[in-house]
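Numbering (the UniProt record's numbering), first residue to last: 1 to 162.
For reference, the structure discussed in these notes is given below.
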Amino acid sequence: MISVEDRLQVEAFLYKEARLADESRYSEWEALVDDDMHYWIPLQEFQEPDSDQVSILNDNRTRLATRIRQLNTGVRHAQLPPSRMRRLISNIEIEKAENGEFFVGSNVVLYEFRRQATKELEVWPARVEHKLRWKDGGLKMFSKHIFLLNSEGSVRGLSFII
């Protein structure tokens with residue numbers, strides 16, 4: 001069981017993280033990330049993070065920083081102009097480990113309007129698992145695993161932070 005205070009702070013973190021990603025405010029989003037971050041989108045439904053199977057994305061902190069630098073250049077052609085995005089987060093479940101870290105699971109639906117060439121609305125339903133810890137007076141995420149509902153189907157261009 002976690003305290004009401006912890007729940008409110010973890011939920012506020014999730015909502016802020018989603019809003020910053022939705023608004024393509026990647027440098028501010030990156031400030032929420034800890035040094036040992038693992039950002040992963042598996043290809044298979046029951047794939048393990050440490051498996052040697054191909055993943056859609058499997059970024060450590062360095063690769064994630066490179067991705068964010070590319071997005072911040074403003075010349076990432078797949079995101080010119082940037083997609084408009086909005087996320088809905090529900091079914092938030094929070095567990096607190098003995099060391100004070102939080103394991104957070106939630107259901108997320110991301111709506112992406114591709115303003116580039118296609119003018120299509122993409123829908124990205126997923127189960128998302130965050131691992132959070134307190135550091136320097138605020139919560140930082142050190143793991144974000146995104147289990148896309150359609151991961152084994154057609155996944156067209158994830159040229160943004162999901």
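The C-beta atom is built at its ideal place from N, Cα and C for all residues, glycine as well.
- Query: Going by Cα to Cα distance, which pick from Glu-101, Val-33, Asp-136 is closest to Ile-68?
  - Reply: Residue Val-33 is the option with its Cα nearest to Ile-68.
- Query: According to the neighbour-count rule (16 or more other Cβ atoms, all chains shown, within 10 Å of its Cβ), is Val-123 buried or exposed?
  - Reply: Exposed, by the Cβ-count rule.
Closest to Ile-56 by C-alpha separation, out of Ile-41, Glu-45, Met-1, would be which residue? For Ile-56, the nearest C-alpha among the options comes from Ile-41.
query = Taking all protein chains shown into account, do 16 or more other C-beta atoms lie within 10 angstroms of the C-beta of Gly-39, making it buried, or fewer, making it exposed?
reply = Correcting the residue identity first, residue 39 is Tyr in this sequence and not Gly. By the C-beta density criterion, Tyr-39 is buried, having at least 16 other C-beta atoms within 10 angstroms.
Q. Candidates Asn-58, Ser-143, Met-37: which alpha carbon is nearest Gln-44's?
A. The shortest C-alpha separation from Gln-44 is found at Asn-58.
Touching by the beta-carbon criterion (3+ pairs, under 8 Å), the region 112-121 and the region 131-139: Result no; under three Cβ-Cβ pairs closer than 8 Å.
Check your understanding: Any contact of the region 7-22 with the region 88-95, i.e. 3+ C-beta pairs under 8 Å?
Key -> The region 7-22 makes contact with the region 88-95, as at least three CB pairs between them are under 8 Å.
- Query: Given that a residue counts as buried once 16 or more other Cβ atoms are within 10 Å of its Cβ, and exposed if not, what is Glu-95?
  - Reply: Glu-95 comes out exposed.
### Query
Going by Cα to Cα distance, which pick from Val-4, Phe-103, Leu-121, Leu-148 is closest to Lys-140?
Phe-103 is the residue among Val-4, Phe-103, Leu-121, Leu-148 whose C-alpha sits nearest the C-alpha of Lys-140.
Terminal residues of the alpha helix (DSSP H) in which Leu-139 lies
Leu-139: not part of any alpha helix (DSSP H); member of the beta strand (DSSP E) spanning 138-148, first to last residue.
Original post:
Alpha carbon to alpha carbon, how far is Phe-147 from Pro-125?
Top reply: Each residue's alpha carbon lies about 9 Å from the other.
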